[in-house]
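Engineer: If you scroll down you'll find the structure; I have some questions about it.
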Amino acid sequence: MASSTLKGKERAIDLVEEELSHSDSESGSESDASSSSSSSGSSSDSGSDSDDEPEITKEYLDSLLAKAKENALKRQHEQQEDKEEEILTLEAEPSSMPSLDPGNLPTPYLNLDREAATSSKLDPEVLKAQKAVVFSAPQPPPPPPELNKDGKPITKREKKAIKKLTAGPDWFNLPAPAEADLPRLHREVEAMRLHNQLDPKRFYRKEEGEGKGIKGLPKYFAIGKIVTSNTPFNTGSTDNLTRAERKRTLVDELVDDAEARRYAKRKFNDLQTTRGARGRGTLQTRQAARRGKW
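Below, the structure is given as C-alpha cells:
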C-alpha cells in the first residue's frame, strides 16, 4: 500500500511539472511574437517618419514655442479658476453703506440730558446770556484772616488746636471736655453705666472704656438734660416728674421705685440663704447630709 501511494504522488508531481513547462513555452512564444511585431512596427514607423518629416527651420521652431506658451498659459488659468471660490451674489449691485460721521450738525432745541430739562436749558440764547453775566460779575473778595485774642492772625498750630476742640461738623461739633471736668464727668458716666441694674430682664453690651477709669472715657462726649414737656392736664408723669417728686440722685430714685425695691429684696434674701447654708454653725448639718441613709 505504501508503494502504491508513493507512485501516485510521483505521477501527480510529473503532471504538474509538464503543465508548468507548457505554460512557460507558450508565454515565451507570445513574448517573441510581440517583440517581433514591435520591431517591425518601429521599423515601419521609422520609415514613414523619415518619409514624412518636415524640414526643421527657424519658423517651425518659433511656431512650436508659441504653441507651448499658449498651452502653459491655458493650464495656469485653469488652475487659478479651480482654486478660486465661487461667490453667489443675490443682488445685481451691492448697496453702499452710509458714512458714520454725520458732520457738523446744528445745535438742537431740546436737551435730552438725564437731569430735568428747564426753560434755561431749552433756549441756547438764555444760556449764553447767563454765562456772560457770570463772567462779567466781579469775584467776591477773599475772607478776612481769623484773629486771636490779641488781634493777630491765627497760626497753623493754633488752627490745629482749635480743630481738636470739637469733633467737627460731621459730628455736630461735639466738644472735648476739659481735663479739670473729667473726674466729675467720670462719676456721672459710671452712674449711667449702672443701667444694667435697672431692669433684671434687659442686658446691655459692655462698653470699651468700662472699668478703665478716666482713661476709658471717650475723647468727645457731652451729657445732656431731659427737657420737660407739658402733659395735657399739666400733671406729672413717669417721663415728666414735678420738682417735688424728683429725687436728688439716681440711687434715691431706684430705692423709691417699688419694682426695683422688690427685686433688691429678693436678691438680698437669695444671698442670705447661700451665706447661711455655708456660714457659721452649719458644719453638723453638712456632715449629716453627707452620711448615707442606711
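full-length UniProt numbering puts the sequence shown at residues 1 to 294.
C-beta: ideal position from N, C-alpha, C; glycine also.
#1: Between which two residues does the alpha helix (DSSP H) carrying residue 162 extend?
#2: Helix, strand or coil: how does DSSP classify residue 204 here?
#3: Let me know the secondary structure DSSP gives residue 147 once reduced to three states.
#4: Buried or exposed: where does residue 189 fall if 16 or more other Cβ atoms within 10 Å of its Cβ makes it buried?
#5: Among the candidates 264, 210, 269, whose CA atom is the shortest distance from the CA of residue 192?
#6: Quick check: the Cα distance between residue 100 and residue 109, rounded to an integer number of angstroms?
#7: Keeping to the same chain, check which residues put their C-beta closer than 7 Å to that of residue 107; ignore five residues upstream and five downstream.
#8: Looking at the structure shown, is residue 175 part of a helix, part of a strand, or coil, going by DSSP?
#9: Roughly how many angstroms separate the alpha carbons of residue 195 and residue 251, rounded to a whole number?
#10: What's the C-alpha gap between residue 146 and residue 160?
#11: Return helix, strand or coil for residue 218, following the three-state DSSP convention.
Structural biologist: Per the coordinate set shown:
#1: To locate residue 162, count along the sequence shown from 1; it is residue 162. Its alpha helix (DSSP H) spans residues 156 to 164.
#2: In the sequence shown, the residue the question calls residue 204 occupies position 204. If DSSP states are grouped into helix, strand and coil, residue 204 belongs with coil.
#3: Sequence index remark: in the sequence shown, residue 147 carries index 147 (1-based). Three-state DSSP puts residue 147 in a strand.
#4: Taking the first residue of the sequence shown as 1, we reach residue 189 at position 189. The residue is buried, with at least 16 neighbouring Cβ atoms inside 10 Å.
#5: Counted from its first residue, the sequence shown places residue 192 at position 192. Among 264, 210, 269, the Cα nearest to that of residue 192 belongs to 210.
#6: Mapped onto the sequence shown, residue 100 falls at position 100. Mapped onto the sequence shown, residue 109 falls at position 109. Rounded to whole angstroms, residue 100 to residue 109 spans 23 Å at the Cα level.
#7: Position 107 of the sequence shown, counted from the first residue, corresponds to residue 107. So the list reads 124, once near-sequence residues are dropped.
#8: By 1-based counting over the sequence shown, the position of residue 175 is 175. In the structure shown, residue 175 sits in a strand (DSSP, three-state: E or B).
#9: Translated into positions along the sequence shown, residue 195 becomes position 195. Translated into positions along the sequence shown, residue 251 becomes position 251. Answer to the nearest angstrom: the Cα atoms are 11 Å apart.
#10: The residue labelled residue 146 in the question sits at position 146 within the sequence shown. The residue labelled residue 160 in the question sits at position 160 within the sequence shown. When rounded, the distance between both Cα atoms is 13 Å.
#11: On the sequence shown, position 218 is the one that residue 218 refers to. The answer is coil: DSSP assigns residue 218 none of H, G, I, E or B.
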